[in-house]
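All remarks here apply to the structure that follows.
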Amino acid sequence: MGTLNPNLLSKHTSLILNESAKIMPALGKRLLMPEMALLGLIRTPDTSARRILDKVAQERGFKLSDLDQTTVAQLNSREGRPADFVFVLDNGGKVDLSDELLQSIDEALTIAQASDEVWIGTEHLLSALSQRGVSTAGLLQARGITPQALEPYLKDRSISRRMTTREWVSDARAGELSPTYFRENLLRELISVLSQSGQRHVLLIGAAGSGRRSLAYSLALLIAEQHGPRGIDRVIEIAESALLDNPVEALRSGVKQAIGGALFIPNLARFFDRFMADKVKHIVQKAFIDQAPIVIGTATDLEYNEALKPLTNVHVLKVPSTSVEETTFVLNALKSKFETEYALTIASGAPSTVSVMASRYLSGGAQPGAAVQLMHRACALVRMSMQSDLAYKPEVKPDATLDPDDVMLALSQMTGIPATKLGQDERTKYAQMAEFVKARIIGQDEAVLAVSRAVKTARVGLKDPKRPIGSFLFLGPTGVGKTELAKALAEFMFGSEDNLITLDMTEYQQEDSLNRLIGAAPGYVGFEGGGQLTDRVRQMPYSIVLFDECEKAHPRILDVLLQMMDEGRLTDGQGRMTKFSDAVIILTSNLGSMYLVDRTLGERAHELALDAVKQHFRPEFLNRLDEIIMFNSLSDEALRKILDLMLKKEMKLAGERGLALELTEAAKTWLLAQNDHPEWGARPLRRIIQKFVREPLADYLLEKNPAAGTKIKVDVDGKGLKMAEG
Numbered sequence: 001m002g003t004l005n006p007n008l009l010s011k012h013t014s015l016i017l018n019e020s021a022k023i024m025p026a027l028g029k030r031l032l033m034p035e036m037a038l039l040g041l042i043r044t045p046d047t048s049a050r051r052i053l054d055k056v057a058q059e060r061g062f063k064l065s066d067l068d069q070t071t072v073a074q075l076n077s078r079e080g081r082p083a084d085f086v087f088v089l090d091n092g093g094k095v096d097l098s099d100e101l102l103q104s105i106d107e108a109l110t111i112a113q114a115s116d117e118v119w120i121g122t123e124h125l126l127s128a129l130s131q132r133g134v135s136t137a138g139l140l141q142a143r144g145i146t147p148q149a150l151e152p153y154l155k156d157r158s159i160s161r162r163m164t165t166r167e168w169v170s171d172a173r174a175g176e177l178s179p180t181y182f183r184e185n186l187l188r189e190l191i192s193v194l195s196q197s198g199q200r201h202v203l204l205i206g207a208a209g210s211g212r213r214s215l216a217y218s219l220a221l222l223i224a225e226q227h228g229p230r231g232i233d234r235v236i237e238i239a240e241s242a243l244l245d246n247p248v249e250a251l252r253s254g255v256k257q258a259i260g261g262a263l264f265i266p267n268l269a270r271f272f273d274r275f276m277a278d279k280v281k282h283i284v285q286k287a288f289i290d291q292a293p294i295v296i297g298t299a300t301d302l303e304y305n306e307a308l309k310p311l312t313n314v315h316v317l318k319v320p321s322t323s324v325e326e327t328t329f330v331l332n333a334l335k336s337k338f339e340t341e342y343a344l345t346i347a348s349g350a351p352s353t354v355s356v357m358a359s360r361y362l363s364g365g366a367q368p369g370a371a372v373q374l375m376h377r378a379c380a381l382v383r384m385s386m387q388s389d390l391a392y393k394p395e396v397k398p399d400a401t402l403d404p405d406d407v408m409l410a411l412s413q414m415t416g417i418p419a420t421k422l423g424q425d426e427r428t429k430y431a432q433m434a435e436f437v438k439a440r441i442i443g444q445d446e447a448v449l450a451v452s453r454a455v456k457t458a459r460v461g462l463k464d465p466k467r468p469i470g471s472f473l474f475l476g477p478t479g480v481g482k483t484e485l486a487k488a489l490a491e492f493m494f495g496s497e498d499n500l501i502t503l504d505m506t507e508y509q510q511e512d513s514l515n516r517l518i519g520a521a522p523g524y525v526g527f528e529g530g531g532q533l534t535d536r537v538r539q540m541p542y543s544i545v546l547f548d549e550c551e552k553a554h555p556r557i558l559d560v561l562l563q564m565m566d567e568g569r570l571t572d573g574q575g576r577m578t579k580f581s582d583a584v585i586i587l588t589s590n591l592g593s594m595y596l597v598d599r600t601l602g603e604r605a606h607e608l609a610l611d612a613v614k615q616h617f618r619p620e621f622l623n624r625l626d627e628i629i630m631f632n633s634l635s636d637e638a639l640r641k642i643l644d645l646m647l648k649k650e651m652k653l654a655g656e657r658g659l660a661l662e663l664t665e666a667a668k669t670w671l672l673a674q675n676d677h678p679e680w681g682a683r684p685l686r687r688i689i690q691k692f693v694r695e696p697l698a699d700y701l702l703e704k705n706p707a708a709g710t711k712i713k714v715d716v717d718g719k720g721l722k723m724a725e726g
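This note's numbering applies: residue 1 is where the sequence shown begins, and numbers increase by one.
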């Protein structure tokens, strides 16, 4: 028993056969027959076949309801012959096809292919059902519906829409092409190339989202207004679904229909992939050799360099990201489209806010694509907030307005940065940066000020936009606040400590550990897993990237870090690019820490520590750093302040249990005295609090079970601490 190939049917034709199958039980039939398919065509609105039937019924003066009744009557009086073929329904069930219907579907395929279509449309099935020899032919021909009479309707694209391809110029004339902002300089260069007598094929090279397709849209709009290049009267695009189902026939159809015009092929490099079928490659390569039709393709810089550079007879046109001002123009051009799609009003200042915020926080993606994505998210959020239930009807327009606050909320969802942080004025925020960080970092005022200066300088635009926001080497002994400063920066700049990516360089001491950092190349073990650095930064571009104990990394790892700091990007093992332009790079090291903890050396301690660093790292590596920041050993006063900060967290935990925890000054002094390793800085304090405060408090709660609101005081008792109510 054979199965009808579902890839031969358009989605509407598949729907028709599914609807036709529902008629079988009521009529007591075991086969899907031509009459049932005709009933499906009659009873399903908004298809090409139904539009044709409505038009013919109006012109010929008959009612579709009469045709429906006559078809049912004929179906009741006859049986079909099985074809040993089944049709698989959307719900997974199967129905047997009659021999006549299978032949009609085969004839419909021939009609579709003659029309340069990959799929059988409902109009093709209707034409096949009117062919002589089919049981439905008499029903249709009696009303003037013959194959010959249907031909004009099959060619009328206002009734019978193309499925395999789309013709942008006719769509533009019909007002069905999305509005777009004309990038005049690029459009002028594109038209200049297309107006030449030779070498007219064009490759639009740029990042996804940079507006390559919109540039081709602009061309179609100009052609529709009779202002396009000479000799080009159409712009054809092949449906992506057609390329997936039947790439050979889809390409042949597109090339044939584009004769006399241009064929737009996005993501051109995929057709030159070594895994692509030779027939497909041949069709695309031949199109570039010929001058008719003209091919307009798109690709990224990487795709062009790796796969498309050998192409001859091609003009390369670079399509850069739009500026903030241009992005605002793009969004204003699309404003009415967004308002219609989401049934809302967009406030006048919203497009400008989207442009600025997308440029600042979504710079990992090309503009205007990232800004358009942000606008979609903001519109969807407003739309959802206005819905009283899931039955949202876009034609009913409530009083919904998208304003800049909605943009901030949408951006917060996309980046993970709290909306309050996004809305904060950047100048005010960074002017207060040092004060914010000092509240968390005790005893390292010089380090905090140095980082604040460098970050503020970068944030106001006084840096290479391609490089990271800042690249710092934190130098100092353990436990003095290097990692804590990185956490504080993550919270200040990006709203959360979760935006800190930490990599322990002791795990990257071998040369082959580079594969774990940026991912192995295809064909090597583990390449599917990606890189621990590149993947995480690609997923979270707004982050502090901390390379802990960097002096222990293999020299090849340091070479990669050098490239990252210098160029602001890395290419992983699979050829994907990760940008670091929105990240802060921090490397920590203990090199020279013995000098920094020796208080007798004074200012000379920094010089000696720096000498140790210069002996270990190459000059070209150190020259890529914005600053080397020294961390001093912590004074007794600083340790006491750090202890107070840590104890506040313990008090907060107790407060969540409804208890008020209080430590006397004597208790704090006793805790500090338990630090047997002051050379380790504040690190031992966390263990001391765990052992002498948190664990005894847990025992006390289990034993006494104090009521909510109880005050628990911790004081010194002989050689230890005691806890008591009061």
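Even for Gly, the Cβ is constructed at its ideal location relative to N, Cα and C.
Every value quoted in this text rests on a predicted model; they were computed, and no experiment measured them.
Beta-carbon gap between residue i and residue j smaller than 9 Å
{"i": "Phe87", "j": "Leu75", "result": "no"}
{"i": "Asp715", "j": "Thr664", "result": "yes"}
{"i": "Ile9", "j": "Trp168", "result": "The sequence shown places Leu at residue 9, not Ile. The answer is no: Cβ separation not under 9 Å."}
{"i": "Val545", "j": "Leu503", "result": "yes"}
{"i": "Asp559", "j": "Thr588", "result": "no"}
{"i": "Val584", "j": "Pro468", "result": "yes"}
{"i": "Ile283", "j": "Val235", "result": "no"}
{"i": "Gln444", "j": "Leu402", "result": "no"}
{"i": "Glu19", "j": "Arg43", "result": "yes"}
{"i": "Met386", "j": "Leu374", "result": "no"}
{"i": "Ile223", "j": "Pro229", "result": "yes"}
{"i": "Glu697", "j": "Leu661", "result": "The displayed chain sequence assigns Leu, not Glu, to residue 697. Yes; because the gap between Cβ atoms is below 9 Å, this pair is in contact."}
Rounded C-alpha distance that separates residue i from residue j
{"i": "Val382", "j": "Asn332", "result": "18 Å"}
{"i": "Gln690", "j": "Gly211", "result": "57 Å"}
{"i": "Phe182", "j": "Asp245", "result": "34 Å"}
{"i": "Leu302", "j": "Asp405", "result": "37 Å"}
{"i": "Ala378", "j": "Ala410", "result": "5 Å"}
{"i": "Gly709", "j": "Glu695", "result": "20 Å"}
{"i": "Asp116", "j": "Val407", "result": "44 Å"}
{"i": "Ser218", "j": "Asp171", "result": "12 Å"}
{"i": "Asp582", "j": "Met540", "result": "9 Å"}
{"i": "Arg166", "j": "Glu240", "result": "11 Å"}
{"i": "Ser130", "j": "Thr136", "result": "6 Å"}
{"i": "Ser178", "j": "Leu334", "result": "8 Å"}
{"i": "Leu89", "j": "Ala21", "result": "8 Å"}
{"i": "Leu721", "j": "Leu514", "result": "50 Å"}
{"i": "Ser388", "j": "Ile52", "result": "Below a pLDDT of 50, predicted positions are generally treated as unreliable, and Ser388, at 49, falls in that range; the measurement from the model is reported next regardless. So the two alpha carbons sit approximately 39 Å from each other."}
{"i": "Lys713", "j": "Ala434", "result": "35 Å"}
{"i": "Lys719", "j": "Ala673", "result": "11 Å"}
{"i": "Arg81", "j": "Gly28", "result": "15 Å"}
{"i": "Val455", "j": "Phe436", "result": "14 Å"}
{"i": "Ala114", "j": "Thr578", "result": "47 Å"}
{"i": "Glu551", "j": "Phe621", "result": "12 Å"}
{"i": "Pro394", "j": "Ala366", "result": "Legend: pLDDT at Pro394 = 47, less than 50; position of this residue unreliable, no value from coordinates given."}
{"i": "Ala350", "j": "Ala262", "result": "36 Å"}
{"i": "Thr483", "j": "Leu473", "result": "12 Å"}
{"i": "Leu344", "j": "Gln148", "result": "47 Å"}
Residues that residue i bridges to, as DSSP identifies them
{"i": "Val295", "result": "Leu263"}
{"i": "Pro82", "result": "Ser98"}
{"i": "Arg166", "result": "Glu237"}
{"i": "Lys713", "result": "Glu662, Ala724"}
{"i": "Asp566", "result": "According to DSSP, which records beta bridges pairwise, Asp566 is partnered with nothing at all."}
{"i": "Phe580", "result": "Answer is none; Phe580 lacks a bridge partner."}
{"i": "Ile159", "result": "Partner(s): none; Ile159 has no beta bridge."}
{"i": "Phe87", "result": "Val95"}
{"i": "Leu402", "result": "Ile346"}
Completely contained beta strand (DSSP E) runs for the region 594-646, where each covers 3 or more residues: The region 594-646 contains these whole beta strand (DSSP E) runs: 627-630.
In chain order, each alpha helix (DSSP H) run of at least 4 residues that lies wholly inside the region 100-130: If only complete runs of 4 or more residues are kept, the region 100-130 shows the alpha helix (DSSP H) at 122-129, in order along the chain.
Touch test, the region 203-211 against the region 313-325, Cβ-Cβ under 8 Å, three pairs minimum: Judged by Cβ distances under 8 Å, the region 203-211 makes contact with the region 313-325, as three or more pairs qualify.
Stretch pair the region 52-63 + the region 126-146: three plus CB contacts closer than 8 Å: Contact between the region 52-63 and the region 126-146 is present, because at least three Cβ pairs lie under 8 Å.
Stretch pair the region 114-129 + the region 153-162: three plus CB contacts closer than 8 Å: By the Cβ criterion, the region 114-129 is in contact with the region 153-162, since at least three pairs of Cβ atoms, one from each stretch, lie closer than 8 Å.
Contact the region 590-610 vs the region 486-501: 3+ CB pairs below 8 Å: By the C-beta criterion, the region 590-610 is judged not to be in contact with the region 486-501, since fewer than 3 inter-stretch pairs fall below 8 Å.
Stretch pair the region 645-664 + the region 676-690: three plus CB contacts closer than 8 Å: Yes: the two stretches touch, three or more of their Cβ pairs being nearer than 8 Å.
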